[in-house]
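Peer 1:
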Amino acid sequence: MIDRWHFRMINDKKRNLAYFLALQKAFNQNYVNLLDIGSGTGLLSLFAAKIGYGNVYTCECCEVMCDIQKQVIQSHNALCHLVELSSTDISIPKHIPQRVNLVVTEIFDCSLIGEGCLPTLIHAHENLIINENSKVIPQSADVFGVCIECEELRKHAKYSLDDHKIVFIGSHDNMEEDQQYYSSEYMSTIKGGYKEITKSFKIQNFDFDNKQNLLEAVGTNVPINVTVKQSGRIDAIIIYFHLKLDDSITIKTHPESKTCWEQAIYTNYDSKSYEMGDVVNIESTCHEDHFSFKLHSAGVCNDMTASNEYVDFTIFNINRQIVARMNDAMYLNEYCQCMLQEISKKKMQKEVLSICFLQTDVSLLPAIVADNGSDKLYFIEPSAVLLKFLLKYQANLAHRITVLQRPIVEALSECSVTFDLVIGELINPNGLLSDHMVEDLTVIKCLCCNENTVFIPQQIEIHAMLISCDELRYENEVCDNSDVTLGFNVASFINEYKVSTVTDINILNKKYDILTKPFACGTLDLMKILHTDKDADELNLWEENVDVTILENNKVTAVIYWYHIHLYDEQQINTAPSEKSHWKTSSCLFSTDIDVVVDQMLQIKVTRNKNNLHFQVT
Ligand SMILES: C[S@@+](CC[C@H](N)C(=O)[O-])C[C@H]1O[C@@H](n2cnc3c(N)ncnc32)[C@H](O)[C@@H]1O
């Protein structure tokens, strides 16, 4: 598996061309002795070889990328020598014969420094580059920020239970406890949009040709004064950069410029309102691989790290998408109504109910149920955070909780319980059915349920639609015409690593054509009583053929799918793409586009194996 951004990056023709032109100019200025640091597929090294650099040295630290690069270089017969190491482990002359006078590198993430360009280039200046008359492409970069208001980001930032002194903080992928890092989005297409509260401001300049400048940058605190240009809350600082490859070639990653780089988002967990004309003093600190920020305004310091703000609280750093789910009031209300209605019904016959929760992720549902009686709560391998949260929420809950370990067949046979209620949040915020859910459900239904057991939800219907969407394809594979890579064939090698199931898509921010009406393609019936082994098998594995009619002449790229969750009686939740939903969408990307004409009938074979859905045009 390789990260999805590799595809988007290789498809960024403007980026590729900028590097090609900068390499060509450097060659004409006699910088001929070249090392490509972090060479990935080897594309920049191929450019150099084509331009005429003699021996091109390249280094790459990721094993999978090295495997791809070896095939790419061989297929182009290029004079490139790959060192399969991090540049910081290269020694001379063991790995490369001598110091170089030109380094080309593209190890920049959306915050510029997150992939370690500062320590990498400091090391290169000290160990790999000759001291005089040498050059780095890019030569420098300016990093900019802007304070924004954005409801969507706020929903992902935090959820607090003030009475219990508990706060959930939406952590970023790369955030460790007590550290404030960032996530990334294309802000120009974020759900609900965003508003700039301040003008853009410069955060830092890096001179990549100058080791001293890079050494001094790490650890610098920069005070920045910005005036609020329109009233609103500061939910985040987003950052972008200008990457100057040389004096005349610059790549800009501003929200309005379409590049492979998203914008880095630094969440402000304490998003206060500001009035037009207020002055915000931002203290920015440049660390080795990230920035951090403090906001000072009207004598108040707002350290943008959540841990500082919630001194008396227990802080749980959890996936930011789960935080967005907690903030989805409508969703929570629907679940609560159903759960509490059924619990009160059952309480007429039985005092203490046995209630099983199917999810392992943190959730507010068990806490709500716990508040409502003295029932026994069962969990299947709950995450440590979920348990810690519940015990913090109600200290005396421990004796009411039973944790079942997998394989649950054994655990359930031992405790011989019959569940009155089985509850689950079964669709992950990324648009997939949750892991293990179907297997667990089958065992539970066989061993611990009777005709009175109620499941919430009762049914999950899967709905889908065929679409045409170039953007989806090119975020997940390299264009097969080599135009984007300036004539070099990288696609056939890197595309070996493409996958067909793509999740976590914000489809509404892409251009796509709808090619069929939405069609139902299978139901997972949780209430169904399992009489035979075949009934049990059907829960796990099923296949369905659906006929669909094409609405226009076009090409089919993918199927997107979503769910109708029948909670209880008439109550339904729909995870279809919508501005309000906290769910993202999943899709099955066909390996090649399929040409279709209006009114054409297609048969779609839908297979579900446990939580995996696969679609095929037959
Ligand atoms: C953003 S990609 C760019 C790939 C390629 N240069 C291009 O432009 O298409 C960066 C690559 O650099 C690698 N990398 C990052 N730092 C490195 C280092 N210090 N030494 C070797 N490889 C590094 C990563 O594994 C990743 O494959």
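Numbering (the numbering used here), first residue to last: -7 to 610. From the three backbone atoms N, C-alpha and C, an ideal C-beta is built for every residue, glycine too.
1. Given THR245, which residues of its chain have a CB within under 6 angstroms of its CB, disregarding the five upstream and five downstream residues?
2. Quick check: does the Cβ of GLU118 come within less than 8 angstroms of any heavy atom belonging to ligand 1?
3. I'd like to confirm the pairing. Which residues does DSSP put opposite TYR232 in its beta bridges?
4. If you pair each beta-carbon of the region 108 to 121 with each one of the region 144 to 157, do three or more pairs fall below 8 angstroms?
5. According to DSSP, which residues form a beta bridge with SER289?
6. Return the CA-CA distance between GLN63 and PHE485, expressed in angstroms with no decimal places.
7. Beta carbon of ALA390, beta carbon of ASN260: below 9 angstroms?
8. The alpha helix (DSSP H) that contains ALA362, what's its start and end?
9. Under 8 angstroms Cβ to Cβ from VAL271, same chain only, skipping five residues before and after it: list those, please.
10. For the region 116 to 123 and the region 279 to 298, state whether three or more C-beta atom pairs, one from each stretch, are separated by less than 8 angstroms.
11. Around the Cβ of GLN592, are there at least 16 other Cβ atoms within 10 angstroms (buried) or fewer (exposed)?
12. Return the first residue and the last residue of the beta strand (DSSP E) that LYS6 is part of.
13. Given 8 angstroms as the limit, is there contact between the region 318 to 334 and the region 394 to 401, that is, 3 or more CB pairs closer than that?
14. Taking Cβ positions, are HIS87 and LEU77 nearer each other than 9 angstroms?
15. Within this structure, are the beta carbons of ILE459 and ILE552 separated by less than 9 angstroms?
16. With burial defined as no fewer than 16 other Cβ atoms inside 10 Å of the residue's Cβ, what is the status of ASP432: buried or exposed?
17. Out of GLN131, THR410, ILE542, state which residue places its alpha-carbon closest to the alpha-carbon of CYS441.
18. Are the beta-carbon atoms belonging to LEU332 and ASN364 less than 9 angstroms from one another?
19. For ligand 1, is there a heavy atom less than 8 angstroms away from the beta-carbon of GLU31?
20. Below 8 angstroms, can you find three or more Cβ-Cβ pairs linking the region 513 to 528 to the region 437 to 453?
21. Which term fits ILE497, buried or exposed, when burial requires 16 or more other beta carbons within 10 angstroms of its beta carbon?
22. Three or more C-beta pairs under 8 angstroms: does that hold for the region 123 to 130 against the region 274 to 290?
23. Measuring alpha carbon to alpha carbon, tell me which of LEU464, ARG465, VAL548, ALA483 ends up nearest ASN473.
24. Would you mind sorting CYS407 into buried or exposed? The rule is 16 or more other CB atoms within 10 Å of its CB.
25. For LYS652, which residues of its own chain have a beta-carbon under 7 angstroms away from its beta-carbon, when the five flanking residues on both sides are left out?
26. In angstroms with no decimal places, state the Cα-to-Cα distance between ASP262 and LEU9.
27. Are the CB atoms of GLN397 and GLY162 nearer to each other than 9 angstroms?
28. Where does the unbroken alpha helix (DSSP H) through ASN273 begin, and where does it stop?
29. Check whether the region 202 to 218 touches the region 235 to 249, taking contact to mean three or more Cβ pairs, one atom from each stretch, closer than 8 angstroms.
30. Return yes when at least one heavy atom of ligand 1 lies under 8 angstroms from the C-beta of MET268, else no.
31. Following the continuous alpha helix (DSSP H) through LYS437, name the residue where it begins and the one where it ends.
32. May I ask you to report which of helix, strand or coil DSSP gives THR584?
33. Counting only runs of 3+ residues fully inside the region 417 to 492, write out the beta strand (DSSP E) ranges in chain order.
34. Report the rounded CA-to-CA distance for LEU26 versus CYS461, giving the unit in angstroms.
35. Would you mind listing the beta strand (DSSP E) stretches within the region 488 to 547 that are 3+ residues and don't spill past its ends, in chain order?
Peer 2: In short, the structure shows the following:
1. TYR232, PHE233, THR251, TRP253
2. Checking the Cβ of GLU118 against ligand 1 gives no.
3. PHE136
4. no
5. VAL292
6. 7 angstroms
7. no
8. 357 to 363
9. ASN217, VAL218, THR219, VAL220, SER289
10. no
11. Classification of GLN592: exposed, given that the 10 Å Cβ count is below 16.
12. Premise fails: LYS6 lies in the alpha helix (DSSP H), 5 to 20, not in any beta strand (DSSP E).
13. no
14. yes
15. yes
16. buried
17. THR410
18. yes
19. One detail in the question is off: residue 31 reads as Ser in this sequence, not Glu. Yes, Cβ of SER31 sits closer than 8 angstroms to a heavy atom of ligand 1.
20. yes
21. Of the other Cβ atoms in all chains shown, 16 or more fall within 10 Å of the Cβ of ILE497; this residue is therefore buried.
22. no
23. ALA483
24. exposed
25. No answer is possible for residue 652: it lies beyond the span of the chain, which begins at -7 and ends at 610.
26. 42 angstroms
27. no
28. Element bounds for ASN273: not the alpha helix (DSSP H) but the beta strand (DSSP E), 271 to 278.
29. no
30. no
31. 429 to 439
32. strand
33. 446 to 448, 451 to 460
34. 39 angstroms
35. 493 to 497, 511 to 517, 533 to 541
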